[in-house]
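Visitor: Sequence positions in the sequence shown follow this note's numbering and run 8 to 144.
Yeah, the Cβ is synthetic: ideal placement off N, Cα and C, and Gly gets one too.
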Amino acid sequence: MSDTVRRAVVERETKETRVRVELALEPGPVDVGTGIGFLDHLLSSLALHGGLSLRLSCEGDLVVDDHHSAEDCALALGEALRRALGDRAGVRRFGYAYAPLDESLARAVVDLSGRPCAVVDLGLAREAIGGLACENV
8 MSDTVRRAVV ERETKETRVR VELALEPGPV DVGTGIGFLD HLLSSLALHG GLSLRLSCEG
68 DLVVDDHHSA EDCALALGEA LRRALGDRAG VRRFGYAYAP LDESLARAVV DLSGRPCAVV
128 DLGLAREAIG GLACENV
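(1) Using the three-state DSSP reduction, which class does Ala115 fall into: helix, strand or coil?
(2) Counting pairs of Cβ atoms below 8 Å between the stretch 9-28 and the stretch 91-104, do you hit three or more?
(3) With DSSP run on the structure shown, which of helix, strand or coil describes Leu61?
(4) Measuring straight from C-alpha to C-alpha, what distance separates Gly35 and Glu29?
(5) Could you compute how far the alpha carbon of Ala81 sits from the alpha carbon of Val98?
(6) Check whether the Cβ atoms of Leu46 and Leu129 lie closer than 7 Å to each other.
(7) My understanding is that His4 touches Gly137, with C-beta atoms under 8 Å, so please give their C-beta distance in whole angstroms.
(8) My output table needs one value for Leu88: the three-state DSSP class, helix, strand or coil.
(9) Assuming Thr24 is part of the beta strand (DSSP E), what are its boundary residues?
(10) Thinking just about the alpha-carbon of each residue, which of Leu69, Val39, His75, Ser60 is nearest to the one in Thr21?
Right, dumping it as C-alpha cells:
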C-alpha cells in the first residue's frame, strides 16, 4: 500500500468482545476472522468487491450469542471507514450501486452524512445463515 492511501486502525473492546480492524481504501489483502462463518464471508466480499484492504479480527462471546460480535464488528468497521475517509476530499456524499449474483439483485445506497441509519430489507425466510442469526445481518 502506498503512503497516500487513506487508512485507519480501530480497536474496540467491551465486556463481550475484542475487535481489531485495519482498513485501507485501496485494493489489498483481505483477512477476516470473526468466528462466524457467514459474517466472515459477507465482510470479505464487501472488501473484495469494494476495492478495500481489510484485516478484521474478533473474539466474542459466541457461546452466548452472535449479536455482540456482529454488532461490534459493524461498529468498529464503520468507525474505521469514517477515520480512513478523513476530510473526505474527493468523496461524494451520496452513492448507490446494484449488484447481481445468481438469481438475486442487491441494491446499496449510501449517504456519508455522519448521521447513523440503516435500513435492511432482505426478506430472509430462515432464522440463521452459516451460524449468523439473520436479525444480525
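Guide: From the atom records:
(1) Strand at Ala115.
(2) The stretch 9-28 and the stretch 91-104 touch, with no fewer than 3 CB-CB distances between them shorter than 8 Å.
(3) Looking at Leu61 - three-state DSSP - the assignment turns out to be strand.
(4) Gly35 and Glu29: Cα-Cα distance of roughly 11 Å.
(5) Their Cα atoms are separated by approximately 21 Å.
(6) No. Outside cutoff.
(7) No information on residue 4 is available, as it lies outside the stretch 8 to 144 that the chain covers here.
(8) DSSP, reduced to helix, strand and coil, places Leu88 within a helical segment of the structure shown.
(9) 24-31 is the extent of the beta strand (DSSP E) around Thr24.
(10) Of the candidates Leu69, Val39, His75, Ser60, the one whose C-alpha sits nearest the C-alpha of Thr21 is His75.
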